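**Student:** Once you've had a glance at the structure underneath, I'll fire off some questions.
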């Protein structure tokens, strides 16, 4: 069989389950699909291929699929960049003010505005589409096992059931951390106008599902196909739910089991985490990821990094469009370090954010954490192995600043870019997997749990492990005959290394420094250090706003309102003038507003069964 896609998993979408299902026997998880024929119905799908295809379609809903986004919407991205990054202090909406205007309302905390409602609806539909597909898989499996008992081995039947339950829990987790009070649907539900459960009940249901998945799932991916959930995926996710539910002792126990006995480890260096090189995907740090696939025969390249495609530098860069989700000045300033190689934000809380100046290459008097240049595209610094970043690549500097995202960009040498002529702007699309949960994230969640349960030394050791990895490699020349790096930096001639030691003599664009914490002298200091490390390590990965709300609304309000009106000597509403109109974060922002259309659709006998969150 000719395999033209990386991952057979991604081939299923709502109405083409049969095409995907036919591939179940191929070694590659997401390989070539036969053309669908005839009509799909319960009878057509009630076989092994139908069940496997339905499960693949459930994985496929992790990112924007056919029909999602609605025309013009991007609230369905696997990374949650709109709700986790733009709504935080890490990024701006980007582009120009009029493009994707509804995101302005998310960024400005106007979540009851009609524009915000459109994007919130995108996310609601994406989350519950995943739940629907998971439940359909479970019902179909039950039907096939009843009618054809020999169709699956006992191990495969358990594995499929476990994967579907795990996936349901993931989608419900996404809905829970967005809206808190949401209806929880299982495969035997027939009433689709269920009332909200409160946030505590949803957490209990999530843990129940994850415990079930843990009992059913194998220790290694079923059929040897990377990307499938295992019992370790489910255990790691259980710890994630526990810490979001502020069960710190329970989370610590769960995470320590995963650390001691699971298959995960940190990658050797930061550039090995977010990479499009095929040999490095699904590496030892991956717990759960959207398995992007390029050049697989899908005519529009929609199985690639669809939800991220706006988040690339604009013209005249190679990527050509579109300048969304650019790092904020506040975030860039946060990467500055003090004379001890520790975050300046902790040692100089009144001045770390004072600079309004574009942070360009060649500033050797202001040391920075090397993760800055793995996260942010900035003037005069090599952009992976493409060429020097030029702030002219920013689409509208007055509106969105001079910087661009970098983690989600594929390396030129990876060959992961979608082929020319496939869909719109194929140079933005690639097969880089999108991390939904990774081991570095888990270790810092464990550090958070250690702080809250009193083990400050345990927390320090974990944070320093992350920092030690950050000290391994910095952005190198990445020079080649067809880019402009050596023209500005003659020492780079012939030096194609994209990653080099942080003190490499080739580096003249930055002074990098990152060192371990010598002590955590108090709970307050330890908590601040862990929170700072999560921001530095996970910037532009869709986690920041959810982290802030999990820390508690007092910290969330202080951070976001300080970001807007003044913190560390700088204020974003003076840097990006449109933020003058942003609302101050309030208690009502603990959860996003439930999309009004979903409340209308919940009516039964003229009465709404779905209730809006408090304050909206």
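Numbering (the working numbering), first residue to last: 640 to 1255.
Yeah, the Cβ is synthetic: ideal placement off N, Cα and C, and Gly gets one too.
Bear in mind that the values here come from a model prediction, so they are computed numbers and not experimental data.
Between the stretch 1240-1249 and the stretch 827-845, can you find at least three pairs of beta-carbon atoms closer than 8 Å?
**Tutor:** Yes, the stretch 827-845 is in contact with the stretch 1240-1249.
**Student:** Note down the Cα distance separating residue 685 from residue 873, rounded to an integer number of angstroms.
**Tutor:** 27 Å
**Student:** Out of curiosity, what's the CA-to-CA distance linking residue 661 and residue 940?
**Tutor:** A caution first: residue 661 carries a pLDDT of 30, below 50, which makes its placement in the model unreliable, though a value can still be read off. Distance between the alpha carbons of residue 661 and residue 940 is about 21 Å.
**Student:** Should the stretch 1014-1028 be regarded as contacting the stretch 977-992, the criterion being three or more beta carbon pairs within less than 8 Å?
**Tutor:** no
**Student:** Terminal residues of the continuous beta strand (DSSP E) containing residue 926?
**Tutor:** 925-929
**Student:** Using the Cβ count rule (16 or more neighbours within 10 Å means buried), how would you classify residue 1225?
**Tutor:** exposed
**Student:** Which one of 886, 887, 946, 1056 has the shortest CA to CA distance from residue 933?
**Tutor:** Distance from the Cα of residue 933 is smallest, within the candidate group 886, 887, 946, 1056, for 1056.
**Student:** Quick one: using the 10 Å Cβ neighbour count with 16 as the cut-off for buried, is residue 1253 buried or exposed?
**Tutor:** exposed
**Student:** Three-state secondary structure (DSSP) at residue 1242?
**Tutor:** strand
**Student:** Can you give me the C-alpha to C-alpha distance between residue 645 and residue 1069, rounded to a whole angstrom?
**Tutor:** In this predicted model, residue 645 has a pLDDT of only 46, less than 50, meaning its place in the structure is not dependable; the value taken from the coordinates is given anyway. Approximately 11 Å between the Cα atoms of the pair.
**Student:** Nearest to residue 1218 by alpha carbon, out of 689, 726, 1231, 691?
**Tutor:** 726
**Student:** With residue 694 and residue 776 assumed to form a contact (beta carbons below 8 Å), what rounded beta-carbon distance in angstroms separates them?
**Tutor:** 5 Å
**Student:** Less than 7 Å separating the Cβ of residue 896 from some heavy atom of the ligand FMN?
**Tutor:** Of the ligands one can find in the structure shown there are none, so the ligand FMN has no counterpart to examine.
**Student:** Which residues bound the beta strand (DSSP E) around residue 821?
**Tutor:** No beta strand (DSSP E) contains residue 821, which DSSP labels as neither H nor E.
**Student:** Please give me, in chain order, every unbroken run of the alpha helix (DSSP H) with length at least 4 that falls completely inside the stretch 819-883.
**Tutor:** You should have 838-855, 870-883.
**Student:** For residue 668 and residue 1213, what's the separation of their Cα atoms in angstroms?
**Tutor:** Here the model assigns residue 668 a pLDDT of 39, short of 50, so the residue's position is not dependable and the matter cannot be decided.
**Student:** Going by DSSP, name the residue or residues bridged to residue 1077.
**Tutor:** 925
**Student:** Quick check on the burial criterion: 16 or more other C-beta atoms within 10 angstroms. Buried or exposed for residue 1184?
**Tutor:** buried
**Student:** On a CA-only basis, which of 993, 1178, 742 is nearest residue 1204? Give me that one, please.
**Tutor:** 993
**Student:** Measure the C-alpha to C-alpha separation of residue 1136 and residue 1116 and round it to an integer number of angstroms.
**Tutor:** 6 Å
**Student:** What residue does the beta strand (DSSP E) around residue 1150 start on, and which one ends it?
**Tutor:** 1149-1151
**Student:** Give me the DSSP bridge partner(s) of residue 1002.
**Tutor:** 1149
**Student:** Would you mind reading off the limits of the alpha helix (DSSP H) that contains residue 1108?
**Tutor:** 1095-1109
**Student:** Closest by CA to residue 951, which one among 944, 738, 1202, 963?
**Tutor:** 963
**Student:** If you measure between the beta carbons of residue 965 and residue 1042, is that distance less than 8 Å?
**Tutor:** yes
**Student:** Would you kindly work out how many angstroms separate the C-alpha atoms of residue 1199 and residue 1209, rounded to a whole number?
**Tutor:** 13 Å
**Student:** Leaving out five residues before and five after residue 1038 in sequence, what residues of the same chain have Cβ atoms less than 6 Å from its Cβ?
**Tutor:** 735, 736
**Student:** Alpha carbons only, please: which of 1095, 790, 1233 is nearest the one belonging to residue 691?
**Tutor:** 790
**Student:** Could you pull the start and end residues of the alpha helix (DSSP H) that residue 1196 belongs to?
**Tutor:** For residue 1196, the enclosing alpha helix (DSSP H) has its first and last residue at 1192-1204.
**Student:** Let's see if you can read the secondary structure: which residues bound the alpha helix (DSSP H) around residue 1172?
**Tutor:** 1162-1177
**Student:** Going by beta carbon distance, what residues of the same chain come within less than 7 Å of residue 1052, once the five residues before and after it are set aside?
**Tutor:** 1024
**Student:** With C-beta atoms as the reference, is residue 924 less than 8 Å away from residue 702?
**Tutor:** no
**Student:** Can you tell me whether DSSP reads residue 777 as helix, strand or coil?
**Tutor:** Looking at residue 777 - three-state DSSP - the assignment turns out to be helix.
**Student:** Can you tell me where the alpha helix (DSSP H) holding residue 1063 begins and where it ends?
**Tutor:** Residue 1063 -> no alpha helix (DSSP H), and no H or E assigned at all.
**Student:** Tell me whether the stretch 1154-1163 and the stretch 999-1013 touch, counting them as touching only if at least three CB pairs, one residue from each stretch, are closer than 8 Å.
**Tutor:** no
**Student:** For residue 1076 and residue 1085, what's the separation of their Cα atoms in angstroms?
**Tutor:** 13 Å
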